[in-house]
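Just below is one structure, and these are the notes that go with it.
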Amino acid sequence: MIAQTGIHAQNVGINVNGAAPDASALLDVDASGLASNNKKGFLVPRMTSAERAALPLPAQGLLVYETTTNTFWYFDGTVWVQLFSGTPAAGWLLTGNAGTNPATEFIGTTDANDWAVRTGGAAPGNERMRVQSGGRMVVNNTGVGANTQDVFSVYANGTTNGTTTNTANVGIRAINGYTATGYGVQGVTSGTSTATFGLIGLATAATGQVNAVRGESASRNGRGLVGIANTSGAAIPSATNAIGGLGQVDGTLSGTAIGFGLLGIASTTMTTGDARGVQGQSASNNGTGVLGLATSTAAGGQPVGVYGQASNATGFGMQMLNTNATGTGMIATGNNIAGTYLINGSGGAIIGSGIGLFSYGRTAASGTGVLAVGNNQAAFGTLVNGSGVAATGLSFGVYGVANSNANGTPGNPARAGGYFESGTTNLAFTYVAAYEGAGVPRKVMGNGTVNTVVTDTDGQYVLLSAPEAPENLFQDHGTASLVSGRAHVALDPILTRNILVDEEHPLRVFIQLRGDCMGVYVTNETAEGFDVVELQGGTSDVSFHWQVVASRANVVHPDGTEWRFADERFPRTQGPQEREVHRAMPLRTDQVRDPVVEAAEPASRP
């Protein structure tokens, strides 16, 4: 091979074809004229690391190859600078790298300084990411500020970290995760304390309708926000709580402000159909679909555990339904006592220690406390002037039972199926289906008269009063005739069965003659009948009316209980029952909740 060196006035060229050196080069080494299988390179001076360090007064830009580390070094006028790492393809290429070893090869710093990434120039405002020397990563800011526990921080437009506000116009969404099949964003914690969160969203503005966390689904069957607890399926130990979703409001309220621990809104565009603001569901045999707790015990307060309100005339503030054939639609328990319900179910079970149900008709002129309708009756009503109870049924409007079997004491009704009063002083009172302490049942017992209502000649209602006696008596009447001065009257066997006739309880017979005779007397009185005989041996044939009055017979039951009707005369009894006065407290006007004017969020994000 023949190499030619061309020396020109301003530069030098080394090649095999005598070509002039490039005008921009002081020294131009050109291998293009060599055969492809005989190319040659440029060899810089080689030396060890110690020899490089011992070079006296190296010139700025001096280049050497160090054999100790197999690297190129150049002198920048002050210190030696390594040009490349020395291993094959050791530089990070714009088109990617292969064969890297993460144990020894990396992008970053080898000292205690942060590592920063910028775009658009070296200005501080062009910084896009910083990895701090301590390991924290910050995107679109320079530090974590007051949030010293942040490991990875991303800042959008105008956000602050406690000390530094980002003003770069980068974007308004700090983090977005996108996926077609998995999780857009996932946070995981293995901590066991209440201060650990898999995912947390914070809205730090003290005013404005801001949202800490928003969940959104475009699917017609999607869930905007889902919280699931105890996904391990492990048994939840006693005295602990697993909570799928928790809403909480802190601080205090003033004026008409309302705090919502959790607010569910069905969009105002859903004007028809089954749109539900809140739904709770539980599959546990002792579970609760929705639980509302009002825990305040402050005097004068009226907290409400669950409140429902409707503004439609055909709507309902609250609806309760049990779909089981023997289920109970609602159970309400007061006075901190255990609840009780019917085995065969009911629309509602309301329990209290003193009063199970309090119902109040507030209109003074026409209010009705309770309107009760049975037998699926379509026609029912209330009194124009109101009443405490208005009850309608097909066969019975009201059914009252006293289950006690107590005998009581003489003068004291032991039990009664019904008790009624009228007035607040000088009461009119009546017991119905009462059992007297003397051991005698009473169908109606009260301090008033027994009357029937008829109309007079002018069509006005008037009263007829029933005669009453100091004893329990039965009476009957009829017509018979003397035949040759004698007659035998046989009493109805049904009457005979139910009267007592003996020396202490004689049969009382009254005769009204209907013709002329010598007069008559009565003899041979028994429970079966009596004889009527004409005086002085007369033999008249005359008809007569008769009336008998007899003592009601005692009744002995199979268990030995005896109702002693025949022995009573002016028996002692009891007056009106003693009343217990209760006070009703209306809800304060501020307890009536106005509809929430909180508007639902727009269907799509800004």
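Position in the sequence shown counted from 1, then plus 203, gives you my numbering. Just so it is clear, CB atoms sit at the ideal spot from N, CA and C, and this is done for glycine as well.
The way I'd put it, the region 684-703 does touch the region 743-750; three or more beta-carbon pairs between them come closer than 8 angstroms. For Asp679 against Asp695, the beta-carbon gap comes to about 6 angstroms, under 8 angstroms, which counts as contact.
Judged by DSSP secondary structure, Ile697 falls within the alpha helix (DSSP H) whose first and last residues are Pro696 to Arg700. Excluding residues up to 5 positions away in sequence, Pro224, Asp225, Ala226, Ala228, Leu229, Leu230 and Asp231 lie with their Cβ nearer than 8 angstroms to the Cβ of Asn214 in the same chain. With a beta-carbon spacing of about 6 angstroms, Asn316 and Ser336 fall inside the 8 angstroms limit used to define contacts. Two segments are said to touch when three or more pairs of C-beta atoms, one from each, lie closer than 8 angstroms; by this definition the region 657-671 does not touch the region 641-648. Apart from the 5 residues on each side of it in sequence, Val665 sits with its Cβ closer than 8 angstroms to the Cβ of Val656, Val657, Thr658 and Asp659 in its chain, given in chain order. The straight-line gap separating the alpha-carbon atoms of Asn329 and Ile378 is approximately 19 angstroms. Note on Glu737: 16 or more other CB atoms within 10 angstroms of its CB, so buried under the neighbour-count rule. The alpha carbon of Val692 has as its nearest neighbour, out of Glu671, Gly476 and Asp734, the alpha carbon of Asp734. Fewer than three Cβ pairs drawn from the region 721-729 and the region 769-786 lie within less than 8 angstroms of each other, which leaves the two stretches out of contact. Cβ-Cβ distances below 6 angstroms link Ala513 to Phe519 and Gly520 in the same chain, with the five nearest sequence neighbours on each side left out; the list follows chain order. Straight-line spacing of the CA atoms in Lys243 and Ile310 works out to 34 angstroms. DSSP, read as helix, strand or coil, puts Ala257 in helix. With a cutoff of 8 angstroms on beta-carbon distance, Gly577 and Gly596 are scored as near each other. Using a 10 angstroms sphere on the CB of Phe768, the tally of other CB atoms reaches 16 or more, which defines it as buried.
For Lys646, the enclosing beta strand (DSSP E) covers residues Pro644 to Gly649. Leu246 carries a coil assignment under DSSP once its states are collapsed to helix, strand and coil. For Ser746, the secondary structure class from DSSP, reduced to helix, strand or coil, is strand. Ranked by Cα distance from Val391, the options Gly651, Thr399 and Leu574 are led by Thr399. The bridge partners DSSP lists for Phe713 are Gln750. A distance below 8 angstroms separates the beta carbons of Ala637 and Ala619. Looking from the CA of Thr726, the closest CA among Val712, Gln739, Leu716 and Arg717 belongs to Val712.
Contact annotation, Val219 with Leu237: C-beta distance approximately 6 angstroms; criterion of less than 8 angstroms satisfied. Separation of the CB atoms of Gly464 and Gln451 is rounded to 6 angstroms, and the pair is thereby assigned contact status at 8 angstroms. Annotated three-state conformation of Asn579 is coil, per DSSP. For Asn654, the enclosing beta strand (DSSP E) begins and ends at Asn654 to Thr658. In the three-state reduction of the DSSP assignment, Gln451 falls in the coil class. Counting along the chain, the unbroken beta strand (DSSP E) around His691 starts and ends at Arg689 to Ala693. Here Val604 has Gly620 as same chain residues with Cβ atoms under 8 angstroms from its own Cβ, once five neighbours each way along the sequence are excluded. The C-beta of Gly511 has fewer than 16 other C-beta atoms within 10 Å across all chains shown, which makes the residue exposed. Between Thr531 and Gly559, the CB-CB gap reaches or exceeds 8 angstroms.
Around the C-beta of Gly454, fewer than 16 other C-beta atoms lie within 10 Å, and the residue is accordingly described as exposed.
Where Phe275 is concerned, the enclosing beta strand (DSSP E) starts and stops at Thr274 to Phe278. At a Cβ-Cβ threshold of 8 angstroms, Trp276 and Arg255 count as neighbours. Ala609 and Gln780 have their C-alpha atoms roughly 17 angstroms apart.
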